[in-house]
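To keep things clear, I will list the structure first and then write my remarks on it.
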Amino acid sequence: MARRLFWVVAALFLGLYWYLLLDGRADGDAPAPRIDISRLRELSEAVPGAAPTDIVAYVTAVDRKPGNLLVAGSGFHAPHVAAIGYAINYASQPAIVIDAAMDESAAIAQDVEGYSATRRAELDRRIEQASTILLTGTGPFYASGLPTLRRARLGEAQARALRAQIPADTEREQMPNLLPDDRPSAIAPGIVSIPAPGFDAATRMIYVRMISGRELLFTGPNAPIARAWHAQKPPARIVTDMLENRDRAAMRGWLQVIADLKRQAPDLIVIAGNDIDTLEREIQNSDAALGLLRYGLRQPGIFVPPGED
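So the sequence shown is numbered by our numbering: it starts at 746 and just counts up by one.
Structural data, given as structure tokens:
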């Protein structure tokens, strides 16, 4: 009797473990719309002017998160994640910044492993000089470094999310020309903003087509690391159903969209939202010699616990 009870309890425990941590399926279907790479290419040419020349990455904070919290079934190995901002450079017009990354106050609040004030200062300088800032997400890894909402070109859901984070005694800035949340929008030569509600309603992806013809997709929080879109799995249910209440079906739908875009354009460079390891590989690949993608500082910089530098 005792042995039978043991096996019943063990089976229940293993079933619960599989369901909460390993199961990458979604409950129900919420298919994201099919996005044709040809449509993104068309939109990237909708704004007159020369396409971007190169992209500079600024990593302001680094941390580790258990794999299951990023992609179901990834185990408890904790890959590096990072807060990264990108300056999209043009030859004859100001840069556009994708993601404001993390500032020091958010780094302290999130208790990340490492923060770089030097890299933060470099990204702040690029944000100050940029024509506009685009966001893939509104969480601390993506938006806490945004100095003012007026500088950003936001989607409607992004504006609502960020306004809700502004204290009542702070000026609620007017943000005209909000991007629609029901279709991709041409932003500038070579740049398209794609609403991708999944992680939350404010999530977006950014498509960039360079003057060289190379194409990049910045996935934002729907795919925090490359394994998410490779496996087409959202985070473990303990995250999406219990800790953060995410829409698993929508997230999985957008992971399928990313994989489908990669099939349509095999040379598409997919930059996952917080994947510092994938970014490192892309910087070191053959395109790095052509100056397509590089770090903002020649030296990697030193990351220290936030508040200590």
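C-beta: ideal position from N, C-alpha, C; glycine also.
Three-state class that DSSP yields for residue i in the structure shown
| i | result |
| --- | --- |
| residue 806 | strand |
| residue 835 | coil |
| residue 1050 | coil |
| residue 854 | helix |
| residue 825 | strand |
| residue 1012 | coil |
| residue 869 | helix |
| residue 859 | strand |
| residue 874 | helix |
| residue 977 | coil |
| residue 779 | coil |
| residue 1030 | coil |
| residue 906 | helix |
N- and C-terminal bounds of the alpha helix (DSSP H) containing residue i
| i | result |
| --- | --- |
| residue 998 | 993–1009 |
| residue 1039 | Element bounds for residue 1039: not the alpha helix (DSSP H) but the beta strand (DSSP E), 1038–1040. |
| residue 783 | 782–789 |
| residue 898 | Taken as a continuous stretch (DSSP letters only), residue 898 belongs to no alpha helix (DSSP H), as it is neither H nor E. |
| residue 924 | Segment: none, residue 924 is in no alpha helix (DSSP H) and carries neither H nor E. |
| residue 885 | 885–888 |
For residue i, the residue or residues it bridges with in DSSP
| i | result |
| --- | --- |
| residue 960 | 954 |
| residue 1020 | Per DSSP, none; premise fails for residue 1020. |
| residue 970 | None; residue 970 has no bridge partner. |
| residue 940 | 949 |
| residue 800 | 833, 1038 |
Alpha-carbon spacing of residue i relative to residue j, whole angstroms
| i | j | result |
| --- | --- | --- |
| residue 955 | residue 964 | 17 Å |
| residue 1005 | residue 829 | 25 Å |
| residue 821 | residue 991 | 20 Å |
| residue 799 | residue 815 | 29 Å |
| residue 853 | residue 887 | 15 Å |
| residue 824 | residue 904 | 31 Å |
| residue 769 | residue 837 | For residue 769, the predicted structure reports a pLDDT of 42, less than 50, and the residue's modelled location is therefore unreliable. The matter cannot be settled from this model. |
| residue 996 | residue 846 | 21 Å |
| residue 850 | residue 999 | 31 Å |
| residue 1040 | residue 842 | 14 Å |
| residue 865 | residue 906 | 23 Å |
| residue 1027 | residue 927 | 31 Å |
| residue 882 | residue 783 | 25 Å |
| residue 789 | residue 953 | 7 Å |
| residue 946 | residue 958 | 31 Å |
| residue 929 | residue 1051 | 36 Å |
| residue 1037 | residue 856 | 33 Å |
Opening and closing residue of the beta strand (DSSP E) in which residue i lies
| i | result |
| --- | --- |
| residue 1057 | Lying before the first or after the last residue shown, residue 1057 is absent from the chain, which here runs from 746 to 1054. |
| residue 931 | 930–933 |
| residue 842 | 841–843 |
8 Å Cβ cutoff met for residue i and residue j
| i | j | result |
| --- | --- | --- |
| residue 939 | residue 1019 | no |
| residue 1048 | residue 861 | yes |
| residue 868 | residue 805 | yes |
| residue 960 | residue 925 | no |
| residue 817 | residue 1024 | no |
| residue 858 | residue 807 | yes |
| residue 844 | residue 835 | no |
| residue 796 | residue 980 | no |
| residue 840 | residue 875 | yes |
| residue 879 | residue 780 | no |
| residue 968 | residue 1003 | yes |
| residue 872 | residue 885 | no |
beta-carbon residue i near the ligand MG non-hydrogen atom, thresh 7 Å
| i | result |
| --- | --- |
| residue 837 | Questions concerning the ligand MG fall outside what the structure shown contains, since it holds no ligand whatsoever. |
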